[in-house]
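Under my numbering, the letters of the sequence shown match residues 6 to 187, in that order.
C-beta atoms are modelled at their ideal positions from N, C-alpha and C, and glycine is treated no differently.
Nothing here was measured: the structure is a model prediction, and the numbers come from that model.
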Amino acid sequence: MRIIAGQHRGLALASVGKGDAGAHLRPTPDRVRESLFNVLMGYGLPHGARVLDLFAGTGALGLEALSRGAVQVTFVDNGRTAQRLIRENLAKARRTGDATLLTCAADRLPAAPAPCDLVFLDPPYGKALGAAALQSAKAQGWLAPDALIVWEDSAPQALAGFTPQDQRRYGDTHITLLTPDA
């Protein structure tokens, strides 16, 4: 796994191997990240964006955003292995100064210091955690009025209070782009 483009292009990221603690983590594959960021570039993102990376895992999506010009990323994951990997990957990229790691459940977020323009939501498949996390983000002020939410799951997603903008499928991975309703 590596950063695809931008300032840190080609940087190898720490991940988990089969049988390791945290082997349940499911990093977004390089080709899916590349396609996703090509779509995001059409929205003018992530350049200059504040980013929220929920269920961050290894932090690959947030780190890709930093590499491509995001100004700040908040990573959220309550798994110890994920927290270790995020810290390790931030240190490798020398980006600890423009990133925050919250070690809480994604559906129990604290109040936001500032709203985010881009949100990555990659919950464990089949556990119905994405909707609760997104509602928590909205209730706690993490979403800018025109925020773009990238929801990665095993099926297309929809949620009251959010308008779908686009849907893409990459093998077993479905990406749904949403914006919050006014």
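Same chain, Cβ closer than 7 angstroms to glycine 83, neighbours up to 5 away in sequence not counted: In the sequence as displayed, the identity of residue 83 is asparagine instead of glycine. Only Thr108, Cys109 and Ala110 meet the Cβ criterion.
Are leucine 126 and leucine 139 touching if we call contact CB-CB under 8 angstroms? yes
Taking 8 angstroms as the cut-off, decide whether the C-beta atoms of proline 169 and alanine 149 are in contact. no
Beta-carbon proximity of leucine 59 to valine 124, cut-off 8 angstroms: yes
Here's the rule I'm using: 16 or more other beta-carbon atoms within 10 Å means buried, otherwise exposed. How should lysine 132 be labelled? exposed
For leucine 134 and alanine 104, which I take to be in contact (beta-carbon distance under 8 angstroms), what is that distance rounded to the nearest angstrom? About 23 angstroms; that fails the 8 angstroms criterion.
Assigned secondary structure, aspartate 177 (DSSP; H/G/I helix, E/B strand, else coil): coil
Whole beta strand (DSSP E) elements within the segment 68-130, 3-residue minimum: 77-81, 104-107 and 121-126
Residues near aspartate 177 by beta carbon distance below 7 angstroms, same chain, minus five either side: Ser159
As assigned by DSSP and simplified to three states, the class of glutamine 172: strand
Inspect the beta-carbon positions of alanine 136 and leucine 95 and report whether they are closer than 8 angstroms. no
Should histidine 13 be labelled buried (16 or more other beta-carbon atoms within 10 Å of its own) or exposed? buried
Looking at the secondary structure, which residues open and close the alpha helix (DSSP H) in which alanine 137 lies? 135-144
Applying the 10 Å Cβ sphere with the 16-neighbour rule, what's the burial state of arginine 38? buried
Contact defined as beta carbons within less than 8 angstroms: I believe serine 20 pairs with proline 32. What is the distance between those atoms, to the nearest angstrom? 6 angstroms
Using C-beta distances below 7 angstroms, list every residue in its chain close to glutamate 69, excluding the 5 sequence neighbours before and after it, in chain order. Ile8, Ile9, Arg38 and Phe42
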